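Novice: A single structure is presented below for examination.
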Amino acid sequence: MAEEGMSGRDSRTGAADPRFAERRDAARDRLDDLFGAKGGDKDDRCAWFNAVYDTAEGDAAAVPWADLAPKAALVDWLGDHPGGGARALDVGCGLGDNAEALAAAGYKTTAFDLAQRAIDWARQRFPGSPVHYTAADLFAPPTDWADAFDLVHECYTVQALHGDLREASFAALARLVKPGGRLLVLTRSRADGVETSGPPWPLSPGELSGFEAAGLRLSESTAYDVQKGERIIPHIRAVYVKAA
Ligand SMILES: C[S@@+](CC[C@H](N)C(=O)[O-])C[C@H]1O[C@@H](n2cnc3c(N)ncnc32)[C@H](O)[C@@H]1O
Numbered sequence: 008m009a010e011e012g013m014s015g016r017d018s019r020t021g022a023a024d025p026r027f028a029e030r031r032d033a034a035r036d037r038l039d040d041l042f043g044a045k046g047g048d049k050d051d052r053c054a055w056f057n058a059v060y061d062t063a064e065g066d067a068a069a070v071p072w073a074d075l076a077p078k079a080a081l082v083d084w085l086g087d088h089p090g091g092g093a094r095a096l097d098v099g100c101g102l103g104d105n106a107e108a109l110a111a112a113g114y115k116t117t118a119f120d121l122a123q124r125a126i127d128w129a130r131q132r133f134p135g136s137p138v139h140y141t142a143a144d145l146f147a148p149p150t151d152w153a154d155a156f157d158l159v160h161e162c163y164t165v166q167a168l169h170g171d172l173r174e175a176s177f178a179a180l181a182r183l184v185k186p187g188g189r190l191l192v193l194t195r196s197r198a199d200g201v202e203t204s205g206p207p208w209p210l211s212p213g214e215l216s217g218f219e220a221a222g223l224r225l226s227e228s229t230a231y232d233v234q235k236g237e238r239i240i241p242h243i244r245a246v247y248v249k250a251a
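Counted the way our numbering counts, the sequence shown spans residues 8 to 251.
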C-alpha cells in the first residue's frame with residue numbers, strides 16, 4: 008500500500024492550485040516560530056494548534072496536515088470494514104475529511120478536535136454532513152464517551168504530541184473504545200532507538216506497545232509508505248481490539 012500526500016487543491020473550489028505548495032512552505036516556516044511549535048506542556052501545544060487554525064484565515068494550505076482528502080490507508084481499510092450503523096469517533100479531526108470517509112462507509116460518526124475553529128471549518132466544508140462535529144479535548148472528553156465507540160480512528164494526533172502528553176495519549180484513546188470494539192491508528196513510523204526531531208514525532212513499535220499496556224490487543228499491523236514530493240515517509244496502520 009502506498010499513498011500520496013497533500014492534494015494541492017483549492018479548498019473552496021476544488022480546482023488544482025499551483026501556489027498551494029508555496030503557501031504551505033511559507034506557513035510551515037511561520038508556524039515553526041510560534042510558541043509551542045516544538046513541544047511544551049498541554050497548554051503550550053493547545054495554544055499552538057489553535058494558532059494554526061486561527062492564523063490560517065481560511066486557507067487550508069496554511070494547515071500543514073490538511074490534505075483535503077481522506078487518508079488512502081483509511082479508505083482502503085474501510086472498504087473491508089463497513090460500518091453498518093456502528094458508532095465511530097474520529098480523534099483530532101482537523102478539517103473533517105477522514106470523518107466524512109467514516110460516515111460514507113456507514114459509521115454513525117462523531118468527530119472532535121480541541122480547536123473550535125477546526126470544527127467550524129469542517130462544518131462549513133461539509134454542510135448537511137451526517138457527522139457530529141464537536142470541540143473536545145482528548146485528555147478531558149465527555150464522560151459518556153468512555154467505552155462508547157465501536158471504532159475509534161486516530162490519525163496523526165499522537166505523533167503530534169510529545170513527552171507526558173504522548174505517554175498519556177495511549178490510555179486516553181483506549182478508554183474511548185467500546186468493549187469488543189476497535190482502535191484504528193494511522194501514524195508515521197520509525198525504528199526503535201532512532202532519534203527524531205519533530206514535530207511530527209513518528210511512533211516506534213516500542214511506543215505503539217503503549218496501546219497494549221492500556222489494555223488493547225494488537226490485531227493487525229501494516230507498514231506502508233506515503234510519498235510527499237521526493238520524500239518517502241514510512242507509516243504504520245495498526246488495529247487494536249478491546250476485549251468484550
Ligand atoms: C496533526 S493534526 C491531524 C489532523 C487529522 N487527524 C488528519 O489526519 O489530518 C492533529 C490534530 O489533533 C488536534 N489535537 C491536538 N491535541 C488534541 C487534543 N488534546 N484533543 C483533541 N484534538 C487535539 C489538533 O488540533 C489537530 O487538528
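The beta carbon of each residue, even a glycine, is placed where N, CA and C say it ideally should be.
The structure displayed is predicted, hence computed values, not measured ones.
Between the C-alpha atoms of G65 and W128, what's the straight-line distance to the nearest angstrom?
Specialist: When rounded, the distance between both Cα atoms is 8 Å.
Novice: Are E219 and A245 close, meaning C-beta to C-beta below 8 Å?
Specialist: Taking 8 Å as the Cβ cut-off, E219 and A245 do not qualify as a contacting pair.
Novice: Please find out if some non-hydrogen atom of ligand 1 comes closer than 7 Å to the beta-carbon of G205.
Specialist: No, the beta carbon of G205 sits no closer than 7 Å to any heavy atom of ligand 1.
Novice: Is DSSP giving C162 helix, strand or coil here?
Specialist: Strand.
Novice: Nearer than 7 Å: is that true of the beta carbon of V92 relative to any heavy atom of ligand 1?
Specialist: Note that residue 92 is Gly in the sequence shown, not Val. Every heavy atom of ligand 1 is 7 Å or more from the Cβ of G92, so no.
Novice: Going along the chain, which residues of its own chain have a beta-carbon closer than 6 Å to the beta-carbon of R224, five neighbours each way excluded?
Specialist: Closer than 6 Å at Cβ, skipping near neighbours: V248.
Novice: Within the same chain, show all residues whose beta-carbon is closer than 6 Å to that of A167, passing over the 5 residues directly before and after it, in chain order.
Specialist: P206, P207, listed in sequence order.
Novice: Helix, strand or coil, according to DSSP, for K49 in the structure here?
Specialist: If DSSP states are grouped into helix, strand and coil, K49 belongs with the helices.
Novice: Work out the CA separation of R30 and T116 for me, nearest whole Å.
Specialist: C-alpha separation (whole angstroms): 32 Å.
Novice: Which residues share a DSSP beta bridge with H139?
Specialist: Partner(s): T117.
Novice: Can you tell me whether DSSP reads A76 as helix, strand or coil?
Specialist: In the structure shown, A76 sits in coil (DSSP, three-state: anything other than H, G, I, E or B).
Novice: Closer than 7 Å by C-beta to A44: which residues in its own chain qualify, once you throw out the five before and the five after it? Chain order, please.
Specialist: Counting only Cβ-Cβ distances below 7 Å, and skipping sequence neighbours, we find L38, W55.
Novice: What is the rounded straight-line gap between the Cα of V201 and the Cα of R238?
Specialist: Looking at the two C-alpha atoms, the distance is approximately 18 Å.
Novice: According to DSSP, simplified to helix, strand and coil, what is L81?
Specialist: Helix at L81.
Novice: Hey, would you say the C-beta of T164 is under 7 Å away from at least one heavy atom of ligand 1?
Specialist: Within the cutoff, so yes.
Novice: Looking at the strands, I want to know which residues DSSP matches up with K249.
Specialist: DSSP output for K249 lists L223 as bridge partner(s).
Novice: Is K235 near ligand 1, with its Cβ less than 7 Å from a heavy atom?
Specialist: Result no, Cβ not under 7 Å from ligand 1.
Novice: Among the candidates V82, R52, D97, D104, whose CA atom is the shortest distance from the CA of D74?
Specialist: Ranking the options by Cα distance to D74, first place goes to D104.
Novice: Taking just the CA atoms, how far does V159 sit from G91?
Specialist: Cα-Cα distance, rounded: 15 Å.
Novice: Note down, in chain order, each residue of its chain lying with its Cβ closer than 7 Å to the Cβ of D232, except the 5 sequence neighbours on either side.
Specialist: Within the same chain, D232 has close Cβ partners A9, I239, I240, P241, H242.
Novice: Secondary structure at A147, three-state DSSP: helix, strand or coil?
Specialist: A147 falls in the coil class under three-state DSSP.
Novice: Is the CB of Q234 under 8 Å away from at least one CB in chain C?
Specialist: Absent from the structure is chain C; it holds one protein chain and no more.
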